[in-house]
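Note sheet for the following structure.
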DNA sequence: GCTTGACCTAAAGTCAGGTTTAGGTGATAT
DNA sequence: ATATCACCTAAACCTGACTTTAGGTCAAGC
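Residue numbers (our numbering), protein chains in the order written: chain A, 6 to 151; chain B, 6 to 151.
Okay, here's the thing in structure tokens:
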């Protein structure tokens, strides 16, 4: 059993954040002794899950939903799996999007490199979109595909 | 020359957003005729750049900085290139992070699949971390690497 | 007996990136 | 001449995830 201050140290999270998470219902099993929060192994595990789910882009209210499912036992395994599967779909789409953005940035870096060489954007502008070098053209096309 | 309503249609952006961008200084060259904004090709190009830079995760104030560089002419090509290069570094790091998160989600999906089969988490818990199947173990390790 | 330190609460504040509201101007249509 | 429409402004409001503030409890040390 740990106090909020000890948990704050352990996870490198401000005490105010831990109290905020508690208020949002992220520690549904947490006990108190004369008003003071007692963090047990359950809450430590919950915090690890919270950090994971936050990294994956889930909102607090969705994390709460997951925590509530956890309390309800084995019958909620499918629902919990569904949350992770949906988030995996979201993440795959996001990674694909970011790879297109990366191509846009690659194109822009190349563009300004040419402009710096030439002292103007005229030549490089005139190359868009058909006279670009092959790999740059591919990046340009990826960047402008939605 | 277009009105704010026409541009709103063209880009599918609310008028309020265009006014907000203007207020943030994202159209440094924009003209007005008796108080009314006139969007020219310059502003249309600016909007395309804004959408690109926003997709890449840049904040409004950084986009403003870029727009201000554009106004200052060819001497700012290196500074503009630097902005894109820095953002490319950020994005590469973000994509790498998201790939680790993806491994975490893959692991969690597998975990609950096993738990659903077994009707409990006992067996799958006991496999962590050394008795996991090879590809799951790799996902688990990637997910827990920072 | 009083200060310090760790805990507690409710409520207000912060930040980004907008959106909404309330009120105003000027051209066109009935 | 009056209603409507597209534009304008400043300022308030919104959301999410916290953080800060102001005030309160309680045990330990001097």
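Glycine residues also receive a C-beta, built at the ideal position from the N, C-alpha and C atoms.
Note that the structure is a prediction, hence the values are computed from the model and not measured.
Between the alpha carbons of residue 64(A) and residue 26(A) lies a gap of roughly 12 Å. From the listed residues 79(A), 84(A), 105(A), the smallest Cα separation to residue 127(B) is found for 79(A). In this structure, DSSP gives residue 133(B) a state outside helix and strand, which the three-state scheme calls coil. Closest option to residue 111(B), judged by alpha-carbon separation, among 41(A), 87(A), 6(A), 14(A): 87(A). If you look at residue 86(A), you'll find it in the alpha helix (DSSP H) that goes 82–123. Contact annotation: in the segment 83–95 of chain B, residues whose CB is within less than 7 Å of a CB in chain A are 83, 85, 86, 89, 90, 92, 93. Using a Cβ-Cβ cut-off of 7 Å, residue 57(B) is close to 109 of chain A, given in chain order. Here residue 32(B) carries a coil assignment [DSSP, helix/strand/coil].
With a threshold of 16 other beta carbon atoms within 10 Å, residue 92(A) meets it and is buried. Among the CB atoms of chain A, none fall inside 8 Å of the CB of residue 143(B). Legend: CB atoms of the segment 125–140 of chain A lying less than 7 Å from CB atoms of chain B belong to residues 125.
DSSP places residue 42(B) inside the beta strand (DSSP E), whose first and last residues are 41–43.
Residue 101(B) has its alpha-carbon roughly 11 Å from the corresponding atom of residue 148(B).
Taking the Cα of residue 39(B) as reference, the smallest distance to any Cα among 81(B), 8(B), 124(B) is reached at 8(B). Following the DSSP letters along the chain, one finds residue 72(A) inside the alpha helix (DSSP H) bounded by residues 65–76. Under a criterion of Cβ atoms nearer than 9 Å, no residue of chain B is adjacent to residue 98(A); the nearest Cβ is some 11 Å distant. With a threshold of 8 Å between beta carbons, residue 76(B) makes no contact with chain A.
With respect to chain B, the C-beta atom of residue 49(A) has no partner C-beta closer than 8 Å.
Listed in chain order, the non-local C-beta contacts of residue 48(A) below 6 Å within the same chain comprise 32, 35, local neighbours out to five positions each way being set aside.
Here the alpha carbons of residue 141(A) and residue 135(A) stand approximately 10 Å from one another.
Contact with chain B is absent for residue 18(A), since none of that chain's Cβ atoms lies less than 8 Å from the residue's Cβ. Across the structure, residue 133(B) and residue 24(A) are spaced so that their CA atoms are roughly 31 Å apart. Of all alpha-carbon atoms in 145(A), 16(A), 105(A), 29(A), the one lying nearest the alpha-carbon of residue 57(A) is that of 16(A). Residue 45(A) and residue 143(A) have their C-alpha atoms spaced approximately 54 Å apart. A distance of 8 Å or more separates the beta carbons of residue 145(B) and residue 89(A). In the DSSP assignment, residue 10(B) falls within the unbroken alpha helix (DSSP H) covering 9–16.
Residue environment analysis places residue 76(B) among the exposed positions, since fewer than 16 neighbouring C-beta atoms fall within 10 angstroms of its C-beta. By the Cβ-count criterion, residue 113(A) is buried, with 16 or more other Cβ atoms from all chains shown falling within 10 Å of its own Cβ.
The criterion of a C-beta distance shorter than 8 Å is satisfied by residue 10(A) and residue 20(A). Here the C-alpha atom of residue 105(B) lies approximately 11 Å from the C-alpha atom of residue 96(A).
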